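Undergrad: Just so you know, the sequence shown maps onto residues 482 to 793 in the working numbering. Virtual Cβ for every residue (Gly too), placed ideally from N, Cα, C. Since the structure is predicted, the reported quantities are computational estimates derived from the model, not experimental observations.
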Amino acid sequence: MNEKISILLASYNGETYIESQLHSLACQTRAADEVLIVDDHSSDRTVSLIRQLIRGYGFENWKVIVRPENTGYAENFIEGLKHVSGDLVFFCDQDDIWHRDKIAKMERCFQKNQEIDLLLSDSRYVYENTSQKQVNRTKELRFDRKSGKVCRRRNWPCIKGLGCTFAFRRRLVPVMQALWMPGYPHDLCAWHAAAIRGGIYLVPEALIDYRRHGGNVSGQFERSVDFRVSEITRQLAYLKKIEAYIRSEDKDAISVSLREVRFQIEFYKKRANYLKEKKYILWFKMLGMLSCYDRKRNWISDFFCMASRRPE
Numbered sequence: 482m483n484e485k486i487s488i489l490l491a492s493y494n495g496e497t498y499i500e501s502q503l504h505s506l507a508c509q510t511r512a513a514d515e516v517l518i519v520d521d522h523s524s525d526r527t528v529s530l531i532r533q534l535i536r537g538y539g540f541e542n543w544k545v546i547v548r549p550e551n552t553g554y555a556e557n558f559i560e561g562l563k564h565v566s567g568d569l570v571f572f573c574d575q576d577d578i579w580h581r582d583k584i585a586k587m588e589r590c591f592q593k594n595q596e597i598d599l600l601l602s603d604s605r606y607v608y609e610n611t612s613q614k615q616v617n618r619t620k621e622l623r624f625d626r627k628s629g630k631v632c633r634r635r636n637w638p639c640i641k642g643l644g645c646t647f648a649f650r651r652r653l654v655p656v657m658q659a660l661w662m663p664g665y666p667h668d669l670c671a672w673h674a675a676a677i678r679g680g681i682y683l684v685p686e687a688l689i690d691y692r693r694h695g696g697n698v699s700g701q702f703e704r705s706v707d708f709r710v711s712e713i714t715r716q717l718a719y720l721k722k723i724e725a726y727i728r729s730e731d732k733d734a735i736s737v738s739l740r741e742v743r744f745q746i747e748f749y750k751k752r753a754n755y756l757k758e759k760k761y762i763l764w765f766k767m768l769g770m771l772s773c774y775d776r777k778r779n780w781i782s783d784f785f786c787m788a789s790r791r792p793e
């Protein structure tokens, strides 16, 4: 028996790319049972283009919700979770292009393995103003080659994949809603929810074309000490929310122990401390926790970040 599939697309001022993305959704070999587009109060032609395309296709199961004010991409996705009804939910960005068999291939994985909570895939990077394409193979993920299950590593709170490739079972939605707080990226929240349950799996194949351009949210970052400390502070808040959730839930459904969460909290506290206080000795002592960093090179870049900081 096929499970109902919902696509949740968040849009905002996406008139440049939204049409090609919607065409790729309409051309799937396995059609979605529901497509919900939540628009974050766009000021361009995005909504009119969406409605025009829906009328043109005649899809009664495609709907658009326009939010009364702009609240940001993360809250836009979380709001959409309240309205989707599918057994399997696919996150979708407005500016990518799905390969025609994306839904079909991911659905087969879910059908074969009921243990999957969250399934992600590789992607193919498509660069703006060039024909260059590069397959992103999520190289940092260790996974079982037979089942596709992603192994939990010491840096498990660090997201290792693009949220626009995520699909997940409906049972993950209440976990995400319990964890989420303002400012919490929707895809990181989904990653944490699935990591808690131990059900992250990978399709090691590019199933979307991911556009690389100046407006990508995932491509925006900053190297300053203040920014890093701010990011670490947010990660600490997420981990404390996870800690509280684990304490309150049935332990049979939990894969991550409180001890593991508290170890991560201690790691991020130490990292924030040496960055704020510019203590190189404390930084050097973190060599023993190198595997906790998102990427090992981040330990090195922390040093240069501190060294370049001007005295206050």
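Taking only runs of the beta strand (DSSP E) that begin and end inside the stretch 516-595, which ones reach a length of at least 3 residues, in chain order?
TA: Listed in chain order, the complete beta strand (DSSP E) runs (minimum 3 residues) inside the stretch 516-595 are 543-547, 569-573.
Undergrad: Is it buried or exposed for E556, if we count other Cβ within 10 angstroms and need 16 for buried?
TA: Looking up residue 556 in the sequence shown gives position 75. Per the 10 Å Cβ criterion, buried.
Undergrad: How is K630 classed by DSSP in three states: helix, strand or coil?
TA: Here residue 630 refers to the residue found at position 149 of the sequence shown. It is a strand residue.
Undergrad: Which residue marks the beginning of the beta strand (DSSP E) containing R650, and which one marks its end?
TA: Taking the sequence shown and counting its residues from 1, one reaches residue 650 at position 169. Looking at the DSSP string, the run of the beta strand (DSSP E) that includes R650 is 648-650.
Undergrad: Does the count of Cβ pairs from the stretch 647-661 and the stretch 709-729 closer than 8 Å reach three?
TA: Result yes; three or more Cβ-Cβ pairs closer than 8 Å.
Undergrad: Of all the options L503, F540, Y493, which has the alpha carbon lying nearest to the alpha carbon of S524?
TA: As a position in the sequence shown, residue 524 is number 43, starting the count at 1. Checked all of L503, F540, Y493; the closest Cα to S524 is Y493.
Undergrad: Just tell me which of T527, E758, L562 has its CA closest to the CA of V570.
TA: For the purposes of this step, residue 570 is taken as residue 89 along the sequence shown, with counting starting at 1. The residue with the shortest Cα to Cα distance from V570 is L562.
Undergrad: Considering P663, what are the terminal residues of the alpha helix (DSSP H) in which it resides?
TA: In the sequence shown, counting from the first residue as 1, residue 663 sits at position 182. It is not in any alpha helix (DSSP H) - P663 carries neither H nor E in the DSSP assignment.
Undergrad: Using the Cα positions of I486 and T510, report the straight-line distance between them to the nearest angstrom.
TA: In the sequence shown, residue 486 corresponds to position 5, counting from 1. In the sequence shown, residue 510 corresponds to position 29, counting from 1. The straight-line gap from Cα to Cα measures roughly 13 Å.
Undergrad: Exposed or buried, which one is P655 when buried takes at least 16 other CB atoms within 10 Å?
TA: Here residue 655 is taken as the residue at index 174 of the sequence shown, counted from 1. Exposed, by the Cβ-count rule.
Undergrad: Does DSSP classify S738 as helix, strand or coil?
TA: Position 257 of the sequence shown, counted from the first residue, corresponds to residue 738. S738: coil per DSSP, three-state reduction.
Undergrad: For A675, I'd like the list of residues in its chain whose CB is within less than 7 Å of its CB, leaving aside the five on either flank, ordered along the chain.
TA: Along the sequence shown, one-based indexing puts residue 675 at 194. D598, L599, F649, L653, I681, listed in sequence order.
Undergrad: Taking the continuous beta strand (DSSP E) assigned at S602, which residues delimit it?
TA: As a position in the sequence shown, residue 602 is number 121, starting the count at 1. 599-608 is the extent of the beta strand (DSSP E) around S602.
Undergrad: CA-CA distance, H580 and E712?
TA: Mapped onto the sequence shown, residue 580 falls at position 99. Mapped onto the sequence shown, residue 712 falls at position 231. Taking the straight line joining both Cα atoms gives about 33 Å.
Undergrad: In the DSSP assignment, what residue or residues form a beta bridge with D731?
TA: In the sequence shown, the residue the question calls residue 731 occupies position 250. Looking at the DSSP assignment, D731 forms no beta bridge with any residue, so it has no partner.
Undergrad: For the 8 Å Cβ check, are there 3 or more pairs between the stretch 769-781 and the stretch 628-647?
TA: Segments in contact, yes.
Undergrad: On the CB-based measure, 16 or more other CB atoms within 10 Å of its CB, does R728 come out buried or exposed?
TA: Taking the sequence shown and counting its residues from 1, the one referred to as residue 728 is at position 247. By the 10 Å Cβ count, R728 comes out exposed.
Undergrad: Identify which residue in Q533, A491, E609 has its Cα closest to the Cα of N551.
TA: Residue 551 sits at position 70 when you count from the first residue of the sequence shown. Of the candidates Q533, A491, E609, the one whose C-alpha sits nearest the C-alpha of N551 is A491.
Undergrad: Which residue comes first and which comes last in the beta strand (DSSP E) that contains A687?
TA: Looking up residue 687 in the sequence shown gives position 206. It spans 681-693 - the beta strand (DSSP E) in which A687 sits, taken as one unbroken run.
Undergrad: Determine the direct distance from the alpha carbon of E560 to that of Y749, and round the result to whole angstroms.
TA: In the sequence shown, the residue the question calls residue 749 occupies position 268. In the sequence shown, the residue the question calls residue 560 occupies position 79. Approximately 29 Å between the Cα atoms of the pair.
Undergrad: Rounded to the nearest angstrom, what separates E621 and G539 at their Cα positions?
TA: As a first step, residue 621 is located in the sequence shown; it is residue number 140 there, counting from the start. As a first step, residue 539 is located in the sequence shown; it is residue number 58 there, counting from the start. Between E621 and G539, the C-alpha separation is close to 42 Å.
Undergrad: Between D568 and the rest of its own chain, which residues show a CB-CB distance below 6 Å, the 5 nearest in sequence each way excluded?
TA: By one-based count along the sequence shown, residue 568 stands at place 87. The answer, listed in chain order, is E484, K485, R651.
Undergrad: The alpha helix (DSSP H) that contains K766, what's its start and end?
TA: Locating residue 766 in the sequence shown gives position 285, counting from the first residue. Segment 761-766, the alpha helix (DSSP H) holding K766.
Undergrad: Please classify L720: does DSSP put it in a helix, a strand, or coil?
TA: Against the sequence shown, residue 720 aligns to sequence position 239. The answer is helix: DSSP assigns L720 an H, G or I state.
Undergrad: Quick check: the Cα distance between L643 and T619, rounded to an integer number of angstroms?
TA: Along the sequence shown, one-based indexing puts residue 643 at 162. Along the sequence shown, one-based indexing puts residue 619 at 138. Roughly 9 Å separates the two Cα atoms.
Undergrad: Please report the straight-line C-alpha distance between H673 and T646, rounded to a whole angstrom.
TA: Here residue 673 refers to the residue found at position 192 when the sequence shown is read from its first residue. Here residue 646 refers to the residue found at position 165 when the sequence shown is read from its first residue. Each residue's Cα considered, the two are about 16 Å apart.
Undergrad: Considering just the uninterrupted stretch of the beta strand (DSSP E) at L653, what are its terminal residues?
TA: Within the sequence shown, numbered from 1, the residue matching residue 653 stands at position 172. Run containing L653: none; DSSP gives neither H nor E here.
Undergrad: List the endpoints of the continuous beta strand (DSSP E) containing N617.
TA: Taking the sequence shown and counting its residues from 1, the one referred to as residue 617 is at position 136. N617 -> beta strand (DSSP E) spans 614-617.
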